[in-house]
Amino acid sequence: MDVRMNEPTQITIIGGGITGLSTAFYLQKELADQQVNAQITVVEASSAFGGKINTMEKDGIVFEKGADSFLARKLPIIELTKELGLENELTGTNPNAKKTYILYKDKLHPMPPGLVLGIPSELKPFMKTSLISPFGKLRAAMDLVLPRRKEVADESLGSFLERRLGKEVLEKIAEPLLAGIYAGNMHALSLQATFPQFGEMEQKFGSLIRGTSSNRSKTAQNLPGLPPAANKSMFLTFRKGLMTLINGLIAALREQNVDLRLNTPVAGVAKSNSSQSSRYNITFADGHEEQADAVIVALPSYHAAALLQEPSAKGFLEELDYVSVANVVLAFNRKDVNFTFDGSGFLVPRSEGRFITACTWTSNKWMHTAPEDKVLIRFYVGRAGDERWRSMTTEQIVSEVRKDMLDIMGLDAEPIFHEVTPLERSMPQYGIGHLDKVAKFREDLKMNLPGLLVTGAGFHGVGLPDCVRQGKEAAKELVHELIQYRSSKAQSESEDSA
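In our numbering, each number is its position in the sequence shown, counted from 1, plus 1.
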């Protein structure tokens, strides 16, 4: 590879989802800052950029087929939004829809006020909830006096929370709330890879309740430079949907002459055996080949594993487990709906045995999504150990969802339309020891395939802000590696000429 100023370095990013596009955006910035001349190409197998971000509009209703929002306290996506000049497009949740329910014994119970990620930040409102038994409340309060764990090894999220707060809080509150983020099994998910702040609270404060109470002010931070509708909201999205961010990235990349290609599936990536300076040979599904000096793979791990020929790079990628989920959107005429929406939706614990895992009262939570005479509701199905939806037709899925909707909400209105989005193998499962496995994988990759990086939701976070952060980190790492390689190459050429 030659990264001299007058010979552009060819960098290919495989995957045009939020991670791949964010990587390209920050990569061109880093290259410009370091005065490295390079050509960036982003190749996407499908007919649209955005990956699991897919905003649709129908009958005046705006809805998301994939992710629908992001946590405001995770700043990488806020920073990217500002850099793209899109901050005025941000909007927060309906301030009058803060209440969230949890289903227990077929009845919706309000989530106790003061919960932060399922952890009580104050005991008084928690002690009043009908969701937890008197014994369960006393057991949770023992968190204030239980000793810290001495071992530093990773443990499951489920065993940690059960040890600190008891089985009842784990099953009725923590499991539907926290495991729902990963569609996972609480006793299989890694504490260090999912919610490391919990372990840090235990060590620092000796109690999750004390730690959460101390840190609570950070969850409602005031973010300067954002419109009023977006400030002090725990979740954010864009007024015209999350595709606003994708379209902003695409426009910015095209302005910087980044080569963006759709309908361009890659069949394989291997070390180049040619006499050319390029280190990698990329084979495309149509049979043609291209060379690249550096490659960033921003795909689900199982897709990345299928592309890489180096055996040492495939192990971790092939072993990482994924769960399949689906989103079901139902739209109604408001005149047909006999239900009062006084919150943002509800969560369904695994122990309830329901088909759905959660429900968002979308048009009440996000006021921009539907006109006043329409109602939009979104249901989630599928989790670890329960992927029965995969063997069902769209009509069967909608029928099962409507059965749960009738049982739980008493709502039997006929939808004006429905949209079912299957998300096959979309939720990576961070097992115990995940971070150690990631570190070893990246060490091996750097040694055996220098100039090739793999990043995305399978590594350090599944949320949109996590994907943006990982894209930015990959860009910085690659440019650093390129500069080191250039220096080493120049020194070697100088010694050869002497």
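Just so you know, even glycine gets a beta-carbon here, dropped at the ideal spot from N, CA and C.
Practice prompt. Mind reading off the beta-carbon distance from V43 to I78? Whole number of angstroms is fine, and I expect it under 8 Å.
Written response: Taking the sequence shown and counting its residues from 1, one reaches residue 43 at position 42. Taking the sequence shown and counting its residues from 1, one reaches residue 78 at position 77. Not really, about 19 Å apart at Cβ, beyond 8 Å.
Item to complete: Only counting runs of 4 or more residues, tell me where the alpha helix (DSSP H) segments fall wholly within the region 243-296, in order along the chain.
Response: For the region 243-296, whole alpha helix (DSSP H) runs of length 4 or above, ordered along the chain, are 244-256.
Discussion item. At the level of alpha carbons, what is the spacing between G51 and I484?
Written reply: As a working mapping, residue 51 is identified with position 50 in the sequence shown. As a working mapping, residue 484 is identified with position 483 in the sequence shown. The alpha-carbon atoms of G51 and I484 are separated by roughly 30 Å.
Fill in: Contacting residues, own chain, Cβ-Cβ under 6 Å from P266 (five flanking each side not counted)
Along the sequence shown, one-based indexing puts residue 266 at 265. Hits under 6 Å: A46 and A286.
Practice prompt. Decide yes or no for the touch test of the region 78-93 against the region 441-459: beta carbon pairs closer than 8 Å, at least 3 of them.
Written response: Result no; under three Cβ-Cβ pairs closer than 8 Å.
Worksheet item: Just to confirm, are R280 and V117 a CB contact at a threshold of 9 Å?
Response: As a working note, residue 280 is residue 279 in the sequence shown. As a working note, residue 117 is residue 116 in the sequence shown. Contact: no.
Discussion item. My assumption, with CB atoms under 8 Å, is that M244 sits in contact with T82. Please give the rounded CB distance.
Written reply: If you number the sequence shown from 1, residue 244 lands on position 243. If you number the sequence shown from 1, residue 82 lands on position 81. A Cβ-Cβ distance of about 13 Å is found for the pair M244 and T82, leaving them out of contact under the 8 Å criterion.
Fill in: Best match in T358, M202, G383 and A33 for proximity to P148 [C-alpha to C-alpha]
On the sequence shown, residue 148 is found 147 positions in, with the first residue counted as 1. Nearest option by C-alpha distance: M202.
Discussion item. For H461, tell me which candidate among V37, D260, S157 and G472 has the shortest Cα-Cα distance.
Written reply: As a position in the sequence shown, residue 461 is number 460, starting the count at 1. For the residues V37, D260, S157 and G472, the minimum Cα distance to H461 belongs to G472.
Worksheet item: In whole angstroms, what separates the C-alpha of K241 from that of V63?
Response: For the purposes of this step, residue 241 is taken as residue 240 along the sequence shown, with counting starting at 1. For the purposes of this step, residue 63 is taken as residue 62 along the sequence shown, with counting starting at 1. If you take the alpha carbons of K241 and V63, they lie about 7 Å apart.
Worksheet entry | Exposed unless 16 or more other CB atoms sit within 10 angstroms - verdict on G18 | Translated into positions along the sequence shown, residue 18 becomes position 17. Its Cβ being crowded by 16 or more others within 10 Å, G18 is buried.
Worksheet item: Which residues in the same chain as G249 place their Cβ atom closer than 6 Å to its Cβ, once the five residues preceding and following it in sequence are excluded?
Response: Residue mapping note: residue 249 aligns to position 248 of the sequence shown, counting from 1. When the five nearest sequence neighbours on each side are left out, the beta carbons in the same chain lying within less than 6 Å of the beta carbon of G249 are those of L85 and L87, in order along the chain.
Discussion item. Counting C-beta neighbours from all protein chains within 10 Å, is the total for V463 16 or more, i.e. buried, or is it exposed?
Written reply: The residue you call residue 463 lines up with position 462 of the sequence shown. The residue in question, V463, is buried, as its Cβ has 16 or more Cβ neighbours within 10 Å.
Discussion item. Between V270, F333, S131 and R443, which has its C-alpha nearest Q310's C-alpha?
Written reply: Taking the first residue of the sequence shown as position 1, residue 310 is located at position 309. Of V270, F333, S131 and R443, the residue nearest in Cα terms is V270.
Worksheet item: Shortest alpha-carbon distance to V170 belongs to which of I210, F206, G185 and Y183?
Response: By 1-based counting over the sequence shown, the position of residue 170 is 169. Comparing Cα positions, the closest option is I210.
Practice prompt. Run through the region 307-351 for me and flag every whole beta strand (DSSP E) of 3 or more residues, listed as ranges in chain order.
Written response: Complete beta strand (DSSP E) runs here, min 3: 323-334 and 346-348.
Item to complete: Look at G316 and A98 and say whether their C-beta atoms are less than 9 Å apart.
Response: Residue mapping note: residue 316 aligns to position 315 of the sequence shown, counting from 1. Residue mapping note: residue 98 aligns to position 97 of the sequence shown, counting from 1. Judged by beta-carbon spacing, A98 lies beyond the 9 Å limit of G316, meaning their Cβ atoms are not closer than that value.
Discussion item. Rounding to the nearest angstrom, what Cα-Cα distance links S208 and A230 in this structure?
Written reply: Within the sequence shown, residue 208 is the residue found at index 207, counting from 1. Within the sequence shown, residue 230 is the residue found at index 229, counting from 1. When rounded, the separation of the alpha-carbon atoms in S208 and A230 is 35 Å.
Worksheet item: Start and end of the beta strand (DSSP E) containing Y381?
Response: One-based indexing of the sequence shown puts residue 381 at position 380. Where Y381 is concerned, the enclosing beta strand (DSSP E) stretches over K375 to V382.
Item to complete: Check T220 in the structure and name its three-state DSSP category.
Response: Position 219 of the sequence shown holds residue 220. Bear in mind that the predicted position of T220 carries a pLDDT of just 48, short of 50, making it unreliable; the figure below should be weighed with that in mind. In the displayed model, T220 falls within a helix according to three-state DSSP.
Practice prompt. Identify whether E8 lies in helix, strand or coil by the three-state DSSP scheme.
Written response: Reading the sequence shown from its first residue, position 7 is the one you call residue 8. Residue state, collapsed to three classes: coil.
Practice prompt. Report yes if the C-beta distance between S273 and Q292 is below 9 Å; otherwise report no.
Written response: Within the sequence shown, numbered from 1, the residue matching residue 273 stands at position 272. Within the sequence shown, numbered from 1, the residue matching residue 292 stands at position 291. Yes, they are a contact pair.
Worksheet item: Which of helix, strand or coil does DSSP assign to D3?
Response: Indexing the sequence shown from 1 puts residue 3 at position 2. Note on D3: pLDDT 42, under 50, position unreliable in the model; the coordinate value appears next. Reduced to three states, the DSSP call for D3 is coil.
Worksheet entry | Host alpha helix (DSSP H) of Y27 (start-end) | Taking the sequence shown and counting its residues from 1, the one referred to as residue 27 is at position 26. Note, Y27: alpha helix (DSSP H), I19 to D34.
Item to complete: Could you give the DSSP three-state label for T92: helix, strand or coil?
Response: For the purposes of this step, residue 92 is taken as the residue at position 91 of the sequence shown. It is a strand residue.
Worksheet entry | Cα-Cα separation between A476 and L254, rounded to whole angstroms | Indexing the sequence shown from 1 puts residue 476 at position 475. Indexing the sequence shown from 1 puts residue 254 at position 253. Near 14 Å, if we compare the C-alpha coordinates of L254 and A476.
Fill in: Rounded separation between R5 and P451 - CA only
Residue numbering aside, residue 5 sits at position 4 when the sequence shown is read from its first letter. Residue numbering aside, residue 451 sits at position 450 when the sequence shown is read from its first letter. For R5, the predicted model reports a pLDDT of 42, less than 50, meaning its position is unreliable; a value from the coordinates is still stated below. In this structure, the CA atom of R5 is about 18 Å from the CA atom of P451.
Discussion item. Just to confirm, is the Cβ distance from I433 to D155 under 9 Å?
Written reply: Looking up residue 433 in the sequence shown gives position 432. Looking up residue 155 in the sequence shown gives position 154. In this structure, the beta-carbon distance from I433 to D155 falls below 9 Å.
Item to complete: Just the C-alpha distance for E320 and L192, rounded to the nearest angstrom, thanks.
Response: Numbered from 1 along the sequence shown, position 319 holds the residue referred to as residue 320. Numbered from 1 along the sequence shown, position 191 holds the residue referred to as residue 192. Approximately 19 Å, taken between the alpha carbons.
Worksheet item: On the three-state DSSP scale, how would you describe A475?
Response: The count along the sequence shown starts at 1 and reaches residue 475 at position 474. It is helical.
Item to complete: Report the rounded CA-to-CA distance for A332 versus A314, giving the unit in angstroms.
Response: Residue numbering aside, residue 332 sits at position 331 when the sequence shown is read from its first letter. Residue numbering aside, residue 314 sits at position 313 when the sequence shown is read from its first letter. So the alpha carbons of these two residues sit roughly 45 Å apart.
Discussion item. In whole angstroms, give me the CA-to-CA distance for T20 and L32.
Written reply: Here residue 20 refers to the residue found at position 19 when the sequence shown is read from its first residue. Here residue 32 refers to the residue found at position 31 when the sequence shown is read from its first residue. Approximately 18 Å, taken between the alpha carbons.
Worksheet item: If you follow the beta strand (DSSP E) that A228 is part of, which residue opens it and which one closes it?
Response: The residue you call residue 228 lines up with position 227 of the sequence shown. The amino acid occupying residue 228 in the given sequence is Pro; Ala does not appear at that position. Where P228 is concerned, there is no enclosing beta strand (DSSP E), given that its DSSP letter is neither H nor E.
Fill in: Identity of the residues DSSP links to V43 by a beta bridge
What you label residue 43 is simply residue 42 of the sequence shown in a count that begins at 1. For V43, which the question treats as bridged, DSSP gives the partners I14 and L261.
Worksheet item: Looking at C-alpha atoms only, which residue of T130, G119, D260 and A299 is the closest neighbour of G212?
Response: The residue labelled residue 212 in the question sits at position 211 within the sequence shown. Checking every option, the nearest Cα to that of G212 belongs to G119.
Item to complete: To the nearest angstrom, report how far apart A49 and L261 are at their CA atoms.
Response: Within the sequence shown, residue 49 is the residue found at index 48, counting from 1. Within the sequence shown, residue 261 is the residue found at index 260, counting from 1. If I take the Cα positions, the gap works out to 11 Å.
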